[in-house]
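In what follows, a structure is listed as structure tokens, so that the remarks can point back to it.
Residue numbers (UniProt numbering): 1 to 234.
In structure tokens form, the structure reads like this:
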């Protein structure tokens, strides 16, 4: 009877919810999981006498807990462990191969914004020669590198709506440290309208409260642009 209880205690379903690998990942994030727990998710199920995580621990122990050594094992090598069939072995190998490829691939370098010209160059493909007005925001990290560029709205020839609540919601969701506002004037007049000035002032004040400063507001007009920061009126 004691043996049966011990067997049952090893089954993942008998664990507290926060200790089950899948639930733990959802509750605490992927970084909270151990190597054995991550491999346990790949395995999916263990044997009658042990959980998938316990089986993963045995496999890891056999390679001295070295993922690089684990990646060298073949399907047949993995199948030597009781409870690992061909499908599970392939899942483990596939995951490790993806990790290897990710490590080898060059991460795209984020463009760092150092001037209004950098903003112009980054947004030119999106805003030049448009017959209607569009409003965009550049989300930056602490190093002023662009996390993401997001279109907030698109309107007619006369203007478009830029909702501060939507802009800062987007910034908060992407953990931006600062933002740059960008929109175009299809008329070709690069000078800011009174509405542009009022919006910029409102956005600047909101940014101070949220600790997400507005670094600039750039207006596109044909092949020229206007920068609130360059003009010293931000």
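Ideal Cβ placement from N, Cα and C applies to all residues, glycine included.
Values in this document were obtained by computation on a predicted structure and should not be read as measured data.
Cβ pair residue i, residue j closer than 8 Å
| i | j | result |
| --- | --- | --- |
| residue 58 | residue 78 | no |
| residue 137 | residue 167 | yes |
| residue 122 | residue 149 | yes |
| residue 230 | residue 188 | no |
| residue 176 | residue 199 | no |
| residue 184 | residue 228 | no |
| residue 132 | residue 192 | no |
Coarse secondary structure for residue i, derived from DSSP in three states
| i | result |
| --- | --- |
| residue 48 | coil |
| residue 22 | helix |
| residue 80 | coil |
| residue 67 | helix |
| residue 110 | coil |
| residue 40 | helix |
| residue 265 | Since the displayed the chain opens at 1 and closes at 234, residue 265 lies outside it and no answer follows. |
| residue 91 | helix |
C-alpha gap between residue i and residue j, whole angstroms
| i | j | result |
| --- | --- | --- |
| residue 238 | residue 38 | Since the first residue of the chain shown is 1 and the last is 234, residue 238 is not available in this structure. |
| residue 111 | residue 180 | 14 Å |
| residue 42 | residue 89 | 9 Å |
| residue 116 | residue 225 | 9 Å |
| residue 207 | residue 164 | 10 Å |
| residue 36 | residue 60 | 7 Å |
| residue 126 | residue 143 | 24 Å |
| residue 18 | residue 203 | Any reading at residue 18 needs caution, since the residue's pLDDT is 44, under 50, leaving its predicted position unreliable; the model's value is listed next. When rounded, the distance between both Cα atoms is 41 Å. |
| residue 154 | residue 172 | 22 Å |
| residue 73 | residue 28 | 30 Å |
| residue 205 | residue 30 | 37 Å |
| residue 195 | residue 98 | 50 Å |
| residue 134 | residue 234 | 20 Å |
Contacts around residue i, its chain only, beta-carbon distance under 7 Å, and the 5 residues preceding and following it disregarded
| i | result |
| --- | --- |
| residue 86 | 75 and 79 |
| residue 71 | 96 and 100 |
| residue 147 | 139, 140, 141, 174 and 176 |
| residue 82 | 47 |
| residue 213 | 178 and 207 |
Cutoff 8 Å: residue i Cβ touching any chain B Cβ
| i | result |
| --- | --- |
| residue 207 | The question asks about chain B, but that chain is absent: this structure has only one protein chain. |
Cβ shell of residue i (< 6 Å), same chain only, five flanking positions each side left out
| i | result |
| --- | --- |
| residue 40 | 21, 52, 53 and 56 |
| residue 215 | 178 and 180 |
| residue 158 | Reliability of the predicted coordinates at residue 158 is poor, the pLDDT of 49 falling under 50, and the value obtained from them is presented with this limitation in mind. Once the five neighbours on either side are set aside, residue 158 has no close Cβ partner at all. |
| residue 84 | 78 |
| residue 69 | 63 |
| residue 170 | 150 |
| residue 218 | 116, 119, 182, 225 and 227 |
Own chain residues within Cβ distance below 8 Å of residue i, not counting five before or after
| i | result |
| --- | --- |
| residue 145 | 110, 111, 112 and 113 |
| residue 292 | The question about residue 292 has no answer here: the residues shown for the chain are numbered 1 through 234. |
In chain order, each alpha helix (DSSP H) run of at least 4 residues that lies wholly inside the UniProt domain "MPN" (112 to 234): 116 to 127, 164 to 173 and 194 to 210, all fully within the UniProt domain "MPN" (112 to 234).
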